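Novice:
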Amino acid sequence: MRLNLPVLASLLATLALAPSLAAAKSYTDNDAQVTQDCASDPEASVDGNNITLTLVGACSTISVNGNNITVRAESIKALAVMGNDNKAYVVAAGSVSVMGNGNTVRYGKGLGKAKKPKVRNLGSKNSVKKGKE
Numbered sequence: 001m002r003l004n005l006p007v008l009a010s011l012l013a014t015l016a017l018a019p020s021l022a023a024a025k026s027y028t029d030n031d032a033q034v035t036q037d038c039a040s041d042p043e044a045s046v047d048g049n050n051i052t053l054t055l056v057g058a059c060s061t062i063s064v065n066g067n068n069i070t071v072r073a074e075s076i077k078a079l080a081v082m083g084n085d086n087k088a089y090v091v092a093a094g095s096v097s098v099m100g101n102g103n104t105v106r107y108g109k110g111l112g113k114a115k116k117p118k119v120r121n122l123g124s125k126n127s128v129k130k131g132k133e
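Residue numbers for the sequence shown, in this note's numbering: 1 to 133.
In structure tokens, the structure reads:
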């Protein structure tokens, strides 16, 4: 049996996030605009479509699984984008994993002393780079 490394890496990343997302705030409604305060809810899972999520404060783990989602955040320790045609704008990020297709991620800087986040781009036609919205 031949291993498909991108699929295996995606599965491992999803499994690594699974325990922490068990208590995450979940957004499943389509066509919603929501704001979350990461001081009280540091984790989120976005599973719907056409959602705009604004994250205030320092977030720990954010998972974007739907399509056509826009995330704006001050700080995210670990961002995983597994859907398609999503946009994320983060002032400071620790790590960014993109496994979907046609996604755009812009970050201002890394967390702590890091100049940029750790980036894993396993999808197709994604753009992950330093920049603004």
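Every residue, glycine too, gets a C-beta built ideally from N, C-alpha and C.
All values reported here derive from a predicted model rather than from experimental measurement.
Within 10 angstroms of the Cβ of asparagine 49, are there 16 or more other Cβ atoms? Answer buried if so, exposed if not.
Specialist: When all chains shown are included, asparagine 49 counts as buried.
Novice: Grouping DSSP H, G and I as helix and E and B as strand, with all else coil, what is glycine 57?
Specialist: DSSP places glycine 57 in strand when its eight states are reduced to three.
Novice: Determine which residues share a DSSP beta bridge with glycine 110 and list them.
Specialist: In the DSSP output, where bridge partners are listed per residue, glycine 110 has Ala93.
Novice: Is there a Cβ of chain C sitting closer than 8 Å to that of asparagine 49, yes or no?
Specialist: Note that chain C does not occur in the displayed structure, where there is just one protein chain.
Novice: How big is the Cα-Cα spacing for threonine 54 and valine 71?
Specialist: So the alpha carbons of these two residues sit roughly 6 Å apart.
Novice: If you follow the beta strand (DSSP E) that serine 127 is part of, which residue opens it and which one closes it?
Specialist: Taken as a continuous stretch (DSSP letters only), the beta strand (DSSP E) holding serine 127 covers 127 to 130.
Novice: So, with DSSP's three-state summary, where would you put serine 26?
Specialist: The answer is strand: DSSP assigns serine 26 an E or B state.
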